[in-house]
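Accompanying notes for the structure given below.
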Amino acid sequence: MRTLIKHALAATEPTESLTVKGWVRTRRDSKGFSFLELNDGSCLANLQVVVDAGTPGSEHLPHLTTGASVTVDGNLVPSPAAGQKWELRATRIELIGQAEANYPLQKKGHTPEFLRTIAHLRPRSNLFGAVFRTRSRLALAVHQFFQDRDFVYVHTPIITGSDCEGAGEMFRVTALKGNIDDKPQTDFFGRPTYLTVSGQLEGETFACALSNIYTFGPTFRAENSNTARHAAEFWMIEPEMAFCDLEGDMALGEEFIKAMARFALEKCAEDLGLFNKFVDKGLNERLKFVVERPFVRVPYTEAIEILTKAGKKFEFPVEYGLNLQSEHERFLTEEHFKSPVTVFNYPREIKPFYMRLNDDGKTVTAMDVLVPGIGEVIGGAQREERLDQLQENMKYHKLKPEDYWWYLDLRRYGTVPHAGFGLGFERLLMFLTGVQNIRDVIPFARTPGNAEF
RNA sequence: UGCUCAGUCGGAUAAUGAGUAGUCCGCCCGCCUGUUAAGCGGGAUGGUGCUGGUGCGAAUCCAGCCUGAGCAGCCA
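Residue numbers for the first sequence follow my numbering, so the first one is -12 and each next one is one higher.
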C-alpha cells in the first residue's frame, strides 16, 4: 500500500513499513549511505530518504539521479538533523525508471520561460507543482462558494451557433472539407458554428428558471492577443442571478474575490508560502488586505474625474466616453485607492447591447472589478430586462433582433431584473498566486502560434 | 497586430575594436562520520536560432526569417 508523501510528512508518530513512490529531486552521498530527496507531487515538500550501503536495491543508487522514479520501503523515524521533522530509513529501494543524463530539470531554479518550453515536465518543478495544486483546490473553492449559496451549476454549450456578444473573433467549428463558407447549411449543424466565447446568454435562460446559476468551463477567443493575461482557451466562471440588480451583482463579485483569497490563505498555505517567497514577496500581505478591507466602488464618471485631476501623464487620453485603459485601471487600483476597485455605470456606447440602460439615458449598469497587479478580473452587468429597450439597444449596436429571438423571449414571458458577471479563472489564479503570466497558471497554454502540447 | 528588447553546451551565464568561445550547475570517477539546491578533488561530453551577405577571418557587422520576452490594443 503506497503512502503519499504529504501523509508521511504529516505523521504524528514513527511508523514502521511504509512504501512511498515518487521522483528523485536530488541525491547526496556520504560515506556508507546516501540521502534522497523524494517528491511525489502530493505536496511541495520532499521526503528525505536515508539509504544505507547494503540496503536491498542500493546497488542501483548511482542511477538514482535527478528525475528518476523510485519505490522506497522503509520506516518513518524522527530526523536527527535539522531541516525536516521526519525521514524515511529505507529497507528496500527499487529503481522504476531511470532519468537520462540530459534531464532538463535541474535542482537549481529555472526561468518560467524555459519551463514553458517543457510543459510536459514543468509540473515536476516546485513552482508549477504549487501552481497546479492551487488551481485544483481553487476550482473546488469556486464550486463550494456557489453551491453554499444555492446556485445551480449549468453546463452551457461549448459549440454555439451565435456569436452572442457580437464581439470577439471566434473559432469556427466545422465538419466540412474545402471552403467552409460555401454552403454552411450543408455543414454538420446546418449552420455556421463556433466555439463559445461566453455562456452568458444561455446562462440567462437558466437563471430565468432556476433563479441563481453559475457556469464554470472552457471558453475560446480567436483574438491575436499576445499579452501576459490573454489566452485563446481559458476557463470562465459566469454566475447569473434572477431578481437581482447591479448592487447585488457587485456585492456578489466582491464577496467572491474575498472568499477566494481567504480560501487560498487557509487551504493552500504551503504552496502560497512558495509564491510569497519566490514569486511575489507582497502576496500574503495583499491577500490579507483584500480579505479584510471593503472594496472601493466608484462610478465611471467619478473615475474619469479622479484620473483627470491626478496630474499624471497617461499615454492614452482620459475622457468621458472612452474606455479605461490598462494604465488607468492600474493607477486607480494600485496608486490612487491601493485596493481592489469596482467601477460601475459606464457610457452605453462602449458596452454591449445586453446591459441595462440607466435612467440618465447615457450610462448602462456595467461593472468591472479591478485588482492590483492584474487589472480587470471581473466584468459584469445588470441585464436589460425590458423588451422594448433591449430591442432598441440592439438597433443602437446594429444587431439583428431575429438572431436573438430566444434571448428576447426571456423578456416576453415573465421577464425579471437579473444580473451576472464573467470572471477569468486564470486571472483569478494569477491574482492569488502572484504569477505574472497567464501561460503559467494553465497546464498547456493555447496562445497564437502555440499548441505544441 | 503594433512598438521595444533578446536568442551562446541539457540548464544559468561570460567574451574582444571581428582573431583558439570561458565559467558555474548537471553528467562520469574518486574522497568525505548525518547531508539540506551538501562539500572537496579530478575528468569527459557538449554550444553561438535559421538563411544569405560583407570580411583573410563573423557569436560579434548587415539583411530577411523564425522563436521568446516586455509593453499596448481586443478582453476574462
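Cβ coordinates follow ideal geometry from the N, Cα and C atoms, glycine included.
Item, Value
"Touching by the beta-carbon criterion (3+ pairs, under 8 Å), the stretch 257 to 272 and the stretch 226 to 243", "no"
"Own chain, CB closer than 7 Å to Val428, minus 5 neighbours either side, in chain order", "Val118, Arg122, Glu413, Leu416, Met417, Thr420, Val422"
"Under the three-state DSSP convention, the category Ile105 falls into", "coil"
"Ile291: first and last residue of the uninterrupted beta strand (DSSP E) it sits in", "Run containing Ile291: none in the beta strand (DSSP E); it sits in the alpha helix (DSSP H), 287 to 296."
"Bounding residues of the alpha helix (DSSP H) (the contiguous stretch that carries Thr420)", "412 to 420"
"Residues bridged to Gln423 (per DSSP)", "Beta-bridge pairing links Gln423 to no other residue."
"Beta carbon of Arg433 nearer than 8 Å to that of Pro359", "no"
"Three-state class that DSSP yields for Thr6 in the structure shown", "strand"
"Residue interval of the alpha helix (DSSP H) (run including Ala251)", "233 to 254"
"C-alpha distance - Ala55 paired with Ser45, whole-angstrom precision", "14 Å"
"Cβ-Cβ distance between Thr42 and Arg79 below 8 Å", "yes"
"Integer-rounded CB distance, given that Met237 should sit under 8 Å from Met354", "5 Å"
"Nearest neighbour of Arg129, chosen from Asp347, Pro304, Gln187, Ile224 [CA to CA]", "Residue identity differs from the one stated: residue 129 is Val in this sequence, not Arg. Minimum Cα distance to Val129 is reached at Ile224."
"Neighbourhood of Gly308 by C-beta, 8 Å cutoff - its chain only, sequence neighbours within 5 removed", "Pro334, Glu336, Ile337"
"Supposed contact pair Thr320 and Val305 - C-beta distance, whole angstroms, cut 8 Å", "About 15 Å separates the two Cβ atoms, so there is no contact after all."
"Ile(-8) - containing alpha helix (DSSP H), residue span", "-8 to -4"
"Helix, strand or coil at Ala196 [DSSP, three-state]", "helix"
"Contacts around His107, its chain only, beta-carbon distance under 7 Å, and the 5 residues preceding and following it disregarded", "Phe440"
"8 Å contact criterion, which Phe221 and Thr206 should meet: CB distance rounded", "6 Å"
"Those residues which DSSP pairs with Thr329 across a bridge", "Arg284, Val356"
"Span of the alpha helix (DSSP H) around Gly116", "113 to 135"
"Spatial distance of Phe303 from Arg317 (CA atoms)", "13 Å"
"Three-state secondary structure (DSSP) of Thr58", "strand"
"Check whether Asn213 and Arg136 have beta carbons under 8 Å apart", "no"
"Whole-angstrom distance between Glu292 and Arg111, CA atom to CA atom", "49 Å"
"8 Å Cβ cutoff met for Tyr181 and Val160", "yes"
"Selection from Trp10, Gly9, Ala(-5) that minimises the alpha carbon distance to Glu3", "Ala(-5)"
"Inter-residue spacing [alpha-carbon to alpha-carbon] between Arg120 and Asp169", "46 Å"
"Reduced DSSP secondary structure (H/G/I, E/B, other) of Met381", "helix"
"Cβ shell of Val356 (< 6 Å), same chain only, five flanking positions each side left out", "Gly240, Thr329, Val364, Ile365"
"Residue range of the unbroken alpha helix (DSSP H) whose run includes Arg398", "392 to 399"
"Cβ-based neighbour list, Ala162, same chain, cut-off 8 Å, excluding 5 preceding and 5 following", "Asp174, Phe175"
"N-terminal and C-terminal residue of the alpha helix (DSSP H) that Phe276 is part of", "270 to 279"
"Between the CA atoms of Asn271 and Lys(-7) - distance to the nearest angstrom", "23 Å"
"Three-state class that DSSP yields for Ile365 in the structure shown", "strand"
"Per DSSP, the bridge partner or partners of Thr214", "According to DSSP, which records beta bridges pairwise, Thr214 is partnered with nothing at all."
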